[in-house]
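With the numbering used here applied, the sequence shown covers 783 to 992.
Worksheet for the structure shown next.
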Amino acid sequence: MAAATPRASVEERERLTRDFVHLCAIASPSLSERAVADVVRHELDAVGLEVEEDASAAAVGSDSGNLLARIPGREGTPTILLCAHLDTVPLAAPVEVVRENDAFHNANQGILGADNKAAVAVLLGVARRLACDGSPVGVELLFTTAEEMALRGVKEVEPSWLRSDFGFVFDHASPIGELIVAAPSYFRLEARFHGAAAHAGIRPEDGRNA
């Protein structure tokens, strides 16, 4: 029977919090992910992982490509993909992270960036743990661009770049341990709207779409 994975130490939890706050403070709206991509690369380099960047930036229109790092596992074991995106929706105000009652929010009237900086911080924590302790399975860490713009970044990922047998995308606000494996339906509509665009979750009042 496989040994249980040790719970995160106090030091690991504190580092996770610091990483999350640091990442949120870095502006990375879609197509401007370079600054946060450089931080992610630096953190992965620091634990001895080789980081690859694809050539998707030009096709996507971003200042960064997608990033990929691999952690080897035991021979004969599967490889698992863990994925998070580097971009956020447009910023309506600078991000100033405030922690109150174990919850984080932006001191200004704008997004915090937890979507998807929380997942990016978690994957960096995974990288540190597995780089130090070793991994029972192969792991690929994929960080994509322009997810908030109809998944532009991940659409440019070449399948041959990946070796994973299956994967998990860390981008759903659900209880820990809950997995989304299907959607109830999918419809594709094509329409043309005239008006002023605005993100429905951030500044719906700025839109003119009625």
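The beta carbon of each residue, even a glycine, is placed where N, CA and C say it ideally should be.
In this text, all values refer to a predicted model and were calculated from it rather than measured experimentally.
Check	Outcome
Distance, Pro-788 Cα to Asp-915 Cα	11 Å
Distance, Ala-875 Cα to Asn-890 Cα	6 Å
Option in Asn-848, Arg-881, Arg-974 and Val-829 with minimal Cα separation from Leu-912	Val-829
CB contact flag (Leu-813, Ser-844, <8 Å)	yes
Below-8 Å beta-carbon distance, Gly-916 vs any chain D residue	The structure shown contains no chain D, having only a single protein chain.
Neighbour-count burial assignment, Phe-948, 16 or more Cβ in a 10 Å radius	exposed
Leu-863 - partner residues in DSSP beta bridges	Glu-922 and Gly-949
Straight-line Cα distance separating Asp-953 from Leu-961	10 Å
Cβ neighbour criterion (16 or more within 10 Å) applied to Ala-901	buried
Cβ-Cβ separation, Ala-982 to Asp-988 (assumed contact under 8 Å), whole Å	Not a contact, Cβ separation roughly 10 Å.
Proximity of Val-803 and Phe-925 at Cβ, strictly below 8 Å	no
Where the beta strand (DSSP E) containing Arg-852 begins and where it ends	849–853
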